[in-house]
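Participant: Supplied in structure tokens, the structure appears directly below.
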Amino acid sequence: MMDALLDNALLISVFVTMLRSATPLLLSSIGELAIQRAGIWNLGVEGTMLSAAFAAYAVVVATGSLPLATVAAVLVGALVGALTSMLTVALKLDQFVTGLAINLVASGLTLYLFRSNHAVFSAGNFTGFAPVAVPFLADIPVIGRIFFQQRLPTYLALALIPLAWFFLHRTRQGLELRVLGENPKVLQTRGIAVAPRLWLIIVAGSGLTGLGGAFLVLGLSDRFIPEITAGRGWLVVVALVAGNWSLFGTITAVFAFAALQAIASHAQVLNLPVPYQFLLALPYIASLATLMIFRSRSGQPAHLGLRDIGK
Amino acid sequence: MQIRLKWKAFIAAFLFSTAPVTLAQADPPKQLRIAVIIGNGPESAWDGTFLEALERVKKAKPHDLTITTKVSDPLWGNDVESAMRLYAQSGQFDIIWGHSTYSDQIAQLKDEFPDLMFVMTGSGNAPLGGNVYWNYKRVHEPAYLLGVLAGHATTSGVVGSVGTLPADDVNDEINAFFAGARSVNPGIVTKVAFIQSWYDPAKAAEYMNSQIAAGVDVMFSLVDNFSPCDEHKETVVCIGNFRDDWQRSPRILSAPLALWDPDIERLVDVWYDHEANGTPYAGNTQMLWSTMAEGGAAVASFHGRESLVPAKAIAAFEAAKAAYDAGKLQIPLDVSLPVSK
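From first to last, the protein sequence lines stand for chains A and B. For the first sequence, the positions run 5 to 315 when the numbering used here is used. For the second sequence, the positions run 13 to 353 when the numbering used here is used.
Take a look at the structure:
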């Protein structure tokens, strides 16, 4: 049985699946990490991904254009981010309640828009992101198949990891972002406006979250269905907490979830002597276990979720 | 005086004797009003195929009835009972059709509204009898015939199926598909996986891709996502499920179709008989479904895509179909949990 799992083609498939499953989580978690490191406890990730996924589907069905659909998803994600900014930064509403409300509105609104245009959408076909082989690199045995025959958003997600690290830890703007999450008054005393920076971070981060949502439709599916995100937005939030709000911790958590999903999807094929329901539950069990293990090592930004944001 | 009494007795006897006749000859119903509660939405194959069939039956006007329908938004849990109660109390409906696993909710209402006919569908329901009818939908017969096709069509010798949840009326068609394939290719390897969700296209794609990596080249997909079929268009042929999704992908050859028309017509007949002839409701407590021979299921058209598979696969399918139509092929029902072999 294990021989079959270790079979070259299947083993490669596990890693390919892991990277593909991780893509929407990676994009969304990097966007969300920026927002939370700036001190905003944004729980509206699920709703942001869902809204963007719907926008991507509506635009790709209407226009047939993959680039337009991708841009629309990012814009809608950013729009949800602007709404979040207005509620949490301008109006200083409770961030938890705001996030939950955004999820509920996104769920209801996308359902309404989808159902009220059912005749159009049910017949909507489109061509999504296809795997793109990187010249030369794709021909490398094993590694080439795993890393260099992926879809464009997967390459983007992987490239964003070092870029995000560089931005957060090697630029002035990244430093300001982190200070926002620890003590925004430090910036204010230096005459640096807090609110515009928060708006920009939330809008940009939500746009990236929207790209993650778009990938669920444009990269992995041939249709949109209500609640297509299926809890992935919440998994992103868990990844941040489990990753102790560090970039590499979060990325590690995302890859751990994706790896467990990839194993679960292959386990039934091989009829492994483990109840497949257990394997399906593993990512969520792992997230709970991680939260418990790292409960006392919180790297949570000191000002995260507080309403006293400043101006 | 005696004569007057006799006349009175005669008139009374006449009226008494004709009264039942008068009742029995009441005008037959002209209108049937159905309240429908669905669990998912018209985009789902389960609900979508039913709603389409309902429209066909309305146009067909069985018993010359004008059928009107009110379809609710997808509901679940306690909301279902509330909605059903509102429909029942309104007095504006004759049948309340709960198109999902709603026996818990209907059990709370059926005795309170004994003149209403309730319908529930699919697995997971408990039989209630009386004014509650339990309609099943099985498409295992067309799935078996397409399995025969798959058994000849596979070049790798591996066929697969990705299902939603391992329910009784999901297992039946996967088992039948594999049984059909084994009937013509006993050495065939079968792969099966459940995504444990009615709808999660992204997860479905990964489960299908995993099977393709394991060598599956004929895929029976019950999970409403055919993008992996397109991605592996050089090697994989896909079979859809419940509805004809052929426009979703050029790699979809056919599908077992769910046709609810005979089920709806049968239950309309029951209601009509109750209304017109006073026949008491006697809801079934055993699973009841319309077979393929009765028009409850079918095989979707190949839409000119026969060339996706070898000619011998089409020929074997046609032969099995002819045997079924002639009553020479009995397709077994197996609802056990399918596993990869």
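Cβ atoms here follow ideal geometry from the backbone N, Cα and C, with glycine treated the same way. From a predicted model like this one, the values you see are computed outputs, not experimental measurements.
Anything in the segment 260 to 277 of chain A with a Cβ closer than 8 Å to a Cβ of chain B? List those residues in chain order, please.
Facilitator: Gln265, Ala266, Ser269, His270, Gln272, Val273, Leu274, Asn275
Participant: Run the CB neighbour count on methionine 132/B, radius 10 Å, all protein chains shown included, and call it buried at 16 or more, exposed below.
Facilitator: In the second sequence, residue 132/B corresponds to position 120, counting from 1. Buried.
Participant: Residues in its own chain within less than 7 Å of tryptophan 210/B by CB, not counting five upstream and five downstream?
Facilitator: Here residue 210/B corresponds to residue number 198 of the second sequence, with the count starting at 1. Hits under 7 Å: Asn52, Thr176, Leu177.
Participant: Using a cut-off of 7 Å between C-beta atoms, extract the partners of alanine 217/B located in chain A.
Facilitator: Counted from its first residue, the second sequence places residue 217/B at position 205. Those are Leu224, Ser225, listed as they occur along chain A.
Participant: Would you tell me roughly how many angstroms separate the C-alpha atoms of asparagine 248/A and alanine 161/A, rounded to the nearest one?
Facilitator: Locating residue 248/A in the first sequence gives position 244, where the first residue counts as 1. Locating residue 161/A in the first sequence gives position 157, where the first residue counts as 1. So the two alpha carbons sit approximately 20 Å from each other.
Participant: Is there at least one Cβ from chain B nearer than 8 Å to proline 157/A's Cβ?
Facilitator: Residue 157/A sits at position 153 when you count from the first residue of the first sequence. No, proline 157/A lies away from the interface with chain B (no Cβ there is under 8 Å from its Cβ).
Participant: Look at isoleucine 39/A and leucine 164/A and say whether their C-beta atoms are less than 8 Å apart.
Facilitator: The residue labelled residue 39/A in the question sits at position 35 within the first sequence. The residue labelled residue 164/A in the question sits at position 160 within the first sequence. Not closer than 8 Å, so no.
Participant: Which two residues bound the contiguous alpha helix (DSSP H) that contains serine 17/A?
Facilitator: The count along the first sequence starts at 1 and reaches residue 17/A at position 13. It spans 12 to 41 - the alpha helix (DSSP H) in which serine 17/A sits, taken as one unbroken run.
Participant: Check whether the Cβ atoms of alanine 309/B and alanine 334/B sit closer than 8 Å, and answer yes or no.
Facilitator: Numbered from 1 along the second sequence, position 297 holds the residue referred to as residue 309/B. Numbered from 1 along the second sequence, position 322 holds the residue referred to as residue 334/B. Contact flag unset, no.
Participant: Cβ of tryptophan 45/A within 8 Å of Cβ of glycine 309/A?
Facilitator: Within the first sequence, the letter at position 41 stands for residue 45/A. Within the first sequence, the letter at position 305 stands for residue 309/A. Result yes, Cβ atoms of tryptophan 45/A and glycine 309/A sit closer than 8 Å.
Participant: Using beta carbons (cut-off 8 Å, strictly below), is alanine 193/B in contact with chain A?
Facilitator: On the second sequence, position 181 is the one that residue 193/B refers to. Chain A places no beta carbon closer than 8 Å to that of alanine 193/B, leaving this residue out of the contacts.
Participant: Looking at the unbroken alpha helix (DSSP H) that takes in alanine 72/B, where does it start and where does it end?
Facilitator: Position 60 of the second sequence, counted from the start, is the residue given in the question as residue 72/B. Here the alpha helix (DSSP H) through alanine 72/B covers 57 to 72.
Participant: Are the C-beta atoms of glycine 132/A and some chain B residue less than 8 Å apart?
Facilitator: Within the first sequence, residue 132/A is the residue found at index 128, counting from 1. Closer than 8 Å to some Cβ of chain B, the Cβ of glycine 132/A qualifies, so yes.
Participant: Whose C-beta lies closer than 6 Å to the C-beta of serine 302/B among residues of the same chain, with five residues either side of it excluded?
Facilitator: Here residue 302/B refers to the residue found at position 290 of the second sequence. So the list reads Pro274, Asp275, Gly308, once near-sequence residues are dropped.
Participant: Mapping the DSSP letters down to three states, classify methionine 90/A as helix, strand or coil.
Facilitator: Taking the first residue of the first sequence as 1, we reach residue 90/A at position 86. Three-state DSSP puts methionine 90/A in a helix.
Participant: I'd like to know whether the C-beta atoms of serine 111/A and leucine 54/A end up nearer to each other than 8 Å.
Facilitator: Taking the first residue of the first sequence as position 1, residue 111/A is located at position 107. Taking the first residue of the first sequence as position 1, residue 54/A is located at position 50. Yes; because the gap between Cβ atoms is below 8 Å, this pair is in contact.
Participant: With a threshold of 8 Å between beta carbons, is glycine 53/B in contact with chain A?
Facilitator: If you number the second sequence from 1, residue 53/B lands on position 41. At least one chain A Cβ lies under 8 Å of glycine 53/B.
Participant: Could you spell out the range, first to last residue, of the beta strand (DSSP E) harbouring asparagine 107/A?
Facilitator: As a working note, residue 107/A is residue 103 in the first sequence. Where asparagine 107/A is concerned, there is no enclosing beta strand (DSSP E), although the alpha helix (DSSP H) it sits in stretches over 99 to 120.
Participant: So if DSSP puts proline 305/A in a beta bridge, which residue, or which two residues, is it bridged to?
Facilitator: Against the first sequence, residue 305/A aligns to sequence position 301. In DSSP, proline 305/A forms no bridge with anything.
Participant: My parser needs the alpha helix (DSSP H) runs of 4 or more residues fully inside the segment 162 to 204 of chain A; what are they?
Facilitator: 176 to 186, 188 to 193
Participant: Select from Leu66/B, Asp212/B, Ile224/B the residue whose C-alpha is nearest the C-alpha of alanine 234/A.
Facilitator: Residue 234/A sits at position 230 when you count from the first residue of the first sequence. Taking alanine 234/A as reference, the option from Leu66/B, Asp212/B, Ile224/B with the minimal CA-CA separation is Asp212/B.
Participant: Short check: CB of proline 305/A to CB of glutamate 186/A, under 8 Å?
Facilitator: Sequence index remark: in the first sequence, residue 305/A carries index 301 (1-based). Sequence index remark: in the first sequence, residue 186/A carries index 182 (1-based). Their beta carbons are under 8 Å apart, which means proline 305/A touches glutamate 186/A by this criterion.
Participant: Of all the CB atoms in chain A, is at least one closer than 8 Å to the CB of glutamine 342/B?
Facilitator: Taking the first residue of the second sequence as 1, we reach residue 342/B at position 330. False, the Cβ-Cβ gap to chain A never drops below 8 Å.
Participant: Can the beta-carbon of histidine 111/B be found closer than 8 Å to that of isoleucine 46/B?
Facilitator: For the purposes of this step, residue 111/B is taken as residue 99 along the second sequence, with counting starting at 1. For the purposes of this step, residue 46/B is taken as residue 34 along the second sequence, with counting starting at 1. Not closer than 8 Å, so no.
Participant: Taking the alpha carbon of glutamate 330/B as the reference point, which residue from Leu128/B, Thr167/B, Leu157/B has its own alpha carbon closest?
Facilitator: Position 318 of the second sequence, counted from the start, is the residue given in the question as residue 330/B. For glutamate 330/B, the nearest C-alpha among the options comes from Leu157/B.
Participant: Along the segment 105 to 126 of chain A, what residues have a CB closer than 7 Å to any CB found in chain B?
Facilitator: Here the close residues are Arg119, His122, Ser126.
Participant: Are any of the Cβ atoms in chain B nearer than 8 Å to that of arginine 24/A?
Facilitator: Looking up residue 24/A in the first sequence gives position 20. Interface criterion met: the Cβ of arginine 24/A is under 8 Å from a Cβ in chain B.
Participant: Residue range of the beta strand (DSSP E) that histidine 111/B falls in?
Facilitator: Counting from one through the second sequence, the residue named residue 111/B turns up at place 99. From DSSP, the beta strand (DSSP E) with histidine 111/B extends over 107 to 111.
Participant: Taking C-alpha atoms, which residue in Gln223/B, Gly103/B, Lys73/B, Leu63/B lies nearest to aspartate 85/B?
Facilitator: Here residue 85/B refers to the residue found at position 73 of the second sequence. Aspartate 85/B has its Cα closest to that of Leu63/B, out of Gln223/B, Gly103/B, Lys73/B, Leu63/B.
Participant: Excluding five sequence neighbours on each side, which residues of the same chain lie with their C-beta closer than 8 Å to the C-beta of leucine 345/B?
Facilitator: Numbered from its first residue, the second sequence carries residue 345/B at position 333. The answer, listed in chain order, is Arg150, His152, Asp184, Ala188.
Participant: Output the distance between the C-alpha atoms of proline 262/B and proline 240/B, rounded to the nearest integer angstrom.
Facilitator: Stepping through the second sequence from its first residue, residue 262/B is reached at position 250. Stepping through the second sequence from its first residue, residue 240/B is reached at position 228. Between proline 262/B and proline 240/B, the C-alpha separation is close to 12 Å.
Participant: Please report the straight-line C-alpha distance between alanine 82/A and isoleucine 205/A, rounded to a whole angstrom.
Facilitator: Within the first sequence, numbered from 1, the residue matching residue 82/A stands at position 78. Within the first sequence, numbered from 1, the residue matching residue 205/A stands at position 201. Rounded to whole angstroms, alanine 82/A to isoleucine 205/A spans 10 Å at the Cα level.
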